[in-house]
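These notes are about the structure you will find just below.
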Amino acid sequence: MQEVSRRLSEIRALIPQGVKLVAVSKFHPVEAVREAYDAGQRLFGESRADELAAKAPAMPADVRWHFIGHVQSNKLRRIIAHAHIIQSVDSERLLRLIDAEAARIDREIDVLLQVHVAAEETKTGMTPHELLDVARRCAPALTHTRIKGIMGMATNTDDRERIEADFRTIAATGAELAGIIEGADTVSMGMSSDWPMAVSLGANMIRIGTDIFGMRQY
Ligand SMILES: *Cc1c(COP(=O)(O)O)cnc(C)c1O
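Note that the numbering used here has the sequence shown beginning at 794, numbered continuously upward.
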């Protein structure tokens, strides 16, 4: 299990200053999360409400949990009870639901708006145009939700040019978003397979699972 801290320090040595690392611990046991924590990691990413709800109470209170999976509205309460930031806000409806639920329990929550640029239909998120439109229309009315930036994924392909084009679109949309909402300057893009390119194209937050924790057992 020393493996986790070794991999973490290897990655940290390569990441430029100012880029935040979210360790994606989904499908990995709490022991692995604990090893990363002991190696100094504080930001963790989970993609399922039930798993988040099981792990969060088992970890120290200074962990910041990033929810990165698709949000089902019937699981929203559970997610908001534990997550500090929801990175995967993929519709106006969800944004409004989050704000209402955060208001109900009187808690402030940060979110990223998820943009869809990848070729796969299965990936979720708003088109760049839709995302900026939602930000413009909804932001003034939010009372308990802070839009902090954008999250996106590149197409899952070996075609480097396609990946590069996807990251450029995500970063450009993020820059526009930051012009609309003060402080919405987080650009969360890049995973195990493609994060160095994402960082070179403007990511200031990367989400890495496999390269830290090894392969997931589904
Ligand atoms: C699983 C996941 C990651 C991490 O992927 P790896 O390839 O294991 O680094 C990053 N972002 C999102 C949204 C994910 O669902």
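The beta-carbon is built from N, C-alpha and C at its ideal position, and this holds for glycine as well.
Quick caveat: nothing in here was measured; it's all calculated off a predicted structure.
Which residue's Cα is closest to the Cα of G976: R870, S985, M919 and A928?
Ranking R870, S985, M919 and A928 by Cα distance to G976 puts A928 first.
Any chain D beta carbon closer than 7 Å to R900
Of the protein chains in the structure, only one exists, and it is not chain D.
Give the single residue among A846, N997, I1005 and R1009 whose Cα lies nearest to the Cα of E803.
Among A846, N997, I1005 and R1009, the Cα nearest to that of E803 belongs to I1005.
Secondary structure at D978, three-state DSSP: helix, strand or coil?
In this structure, D978 counts as coil in the three-state DSSP scheme.
Should A964 and G983 be called a contact, given that it needs their Cβ atoms to be closer than 7 Å?
No Cβ-Cβ contact shorter than 7 Å links A964 with G983.
First and last residue of the uninterrupted alpha helix (DSSP H) at R816:
Going by the sequence as given, residue 816 is Ala instead of Arg. In the DSSP assignment, A816 falls outside any alpha helix (DSSP H) and within the unbroken beta strand (DSSP E) covering K813 to V817.
Assign P850 to one of two classes, buried (16 or more other C-beta atoms within 10 Å of its C-beta) or exposed (fewer than that).
Burial call: exposed.
Just the C-alpha distance for A971 and I943, rounded to the nearest angstrom, thanks.
Looking at the two C-alpha atoms, the distance is approximately 9 Å.
Distance, Cα to Cα, S840 vs K819?
Their backbone Cα atoms lie some 6 Å apart in a straight line.
Reduced DSSP secondary structure (H/G/I, E/B, other) of F820:
In this structure, F820 counts as coil in the three-state DSSP scheme.
Can you list, in chain order, the residues of its chain whose CB lies under 7 Å from that of R870, leaving out five sequence neighbours each side?
Closer than 7 Å at Cβ, skipping near neighbours: E894.
Can you list the beta strand (DSSP E) stretches of 3 or more residues lying completely in the segment 863 to 906, in chain order?
Secondary structure remark: continuous beta strand (DSSP E) runs of at least 3 residues inside the segment 863 to 906, in chain order: 878 to 882.
Quick one: does the C-beta of M984 sit closer than 6 Å to a heavy atom of ligand 1?
For ligand 1, a non-hydrogen atom lies closer than 6 Å to the CB of M984.
Quick one, are the C-beta atoms of D952 and G918 less than 7 Å apart?
It is not a contact, given that the beta carbons lie outside the stated cut-off.
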